[in-house]
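Trainee: Its first residue numbered -19, the sequence shown is counted upward by one per residue in my numbering.
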Amino acid sequence: MSPTPDASRRPGQSIGCLDNDCLGIYIAVMSKKRPSRLEDHAGYWLRCLSNLVSRGFAARLEGHGVSVPQWVVLRCLYDGEGVSLNELAATVGVDNGALSRMMERLAQKGLIVRDADPADRRAVRLRLSEAGRALVPILAREADRNNEAFFGGLSGEDRAKLVATAREILERNGWRGVALD
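1) Tell me which residues share the same chain as alanine 87 and place their Cβ nearer than 7 Å to its Cβ, disregarding the 5 neighbours each side in the sequence.
2) When the Cα of tyrosine 58 is compared with those of Pro117, Leu142, Gly23, Ser16, which residue comes out closest?
3) Mind checking who glycine 96 pairs with in its DSSP beta bridge?
4) Per DSSP, serine 64 is paired with what?
5) Check this for me: beta carbons of tryptophan 51 and leucine 119, under 9 Å apart or not?
6) Evaluate the contact criterion for the region 78 to 92 versus the region 15 to 30: three or more CB pairs, one atom per stretch, below 8 Å.
7) Contact between the region 106 to 116 and the region 59 to 72: three or more CB pairs below 8 Å?
8) Which of the three DSSP states, helix, strand or coil, is assigned to leucine 115?
9) Which class does valine 74 belong to by DSSP, given the choice of helix, strand or coil?
10) Using CA atoms only, rank isn't needed, just tell me which of Asn31, Glu19, Thr71 is closest to asparagine 126.
11) Are the beta-carbon atoms belonging to valine 53 and alanine 38 less than 9 Å from one another?
12) Could you check whether the Cβ of leucine 41 sits closer than 8 Å to any heavy atom belonging to the ligand SAM?
13) Short of 6 Å in beta carbon distance, which residues of its chain neighbour valine 33, apart from the five on each side in sequence? Order them along the chain.
14) Would you call the CB atoms of valine 158 and glycine 73 closer than 9 Å?
15) Under 9 Å, do cysteine 56 and leucine 68 count as touching if we go by C-beta distance?
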C-alpha cells in the first residue's frame, strides 16, 4: 500500500508514492511549461500583415488627404447613396458619435453632402458630393495598387485561397460588415 500524500508537502516534492495515488501532485509540476511564443499564433502573423498592408495603404491615401477609415466610408457611400447615419454606422461597425465626427470632417473636405431626410426632418441622408464621387475611383486604384504590392507575388489561386480562408474564419466567428480600422 502506498503512503497517502501529505497535505503539508509542496507540489512536486517527492513523497515516495509509487503508484497512481500521487499522480496529481506530479502532473502539476510537469505541466508547468513556458508560455507559447508570439510567433506560434496565426493571429500574430495576421496582425503583422494587416498592420503592414494598412500602413502601405495609408501612405498611398495620404497624398489624397484621406485616411483609411475615411476611404472605407467613401467607398460604402459610393454604392449606397442616401443612407442614414445609423445605416452607415451599422455597415461599417462603428458608433454613431465616431461616424458623425468623421462625416463632419468629410463634409469640410467637400467629399460628402448631408441632405435632410424627407421622411424625417430631424434625420439626414448621406451621399457623396461630386468631388467625393470623382475621388472614389482614384482611391480604388490606389487600393488595387496596394493590394498588388503586397499580394502580387502570390498566384491567383493562392490569393483566392487566402481571401476564402480569411472570410471563412471571420464568418465562423460572427463577423459581418466592413473593416473600418
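Ideal Cβ placement from N, Cα and C applies to all residues, glycine included.
Mentor: Concretely, from the data shown:
1) Closer than 7 Å at Cβ, skipping near neighbours: Arg94.
2) With distances taken between Cα atoms, tyrosine 58 lies closest to Pro117.
3) Going by the sequence as given, residue 96 is alanine instead of glycine. Answer is Val104.
4) Beta-bridge pairing links serine 64 to Arg105.
5) Yes.
6) At 8 Å Cβ cutoff, the stretches do not touch.
7) With the cut-off at 8 Å, the region 106 to 116 and the region 59 to 72 touch.
8) It is helical.
9) Valine 74 falls in the coil class under three-state DSSP.
10) For asparagine 126, the nearest C-alpha among the options comes from Asn31.
11) Not a contact, by the Cβ cut-off of 9 Å.
12) Inclusion of the ligand SAM in the displayed structure is not the case, the ligand content being empty and no account of it being possible.
13) Excluding positions up to five away in sequence, the list reads Phe130.
14) Yes, the pair counts as a contact, with Cβ atoms nearer than the cut-off.
15) Result yes, Cβ atoms of cysteine 56 and leucine 68 sit closer than 9 Å.
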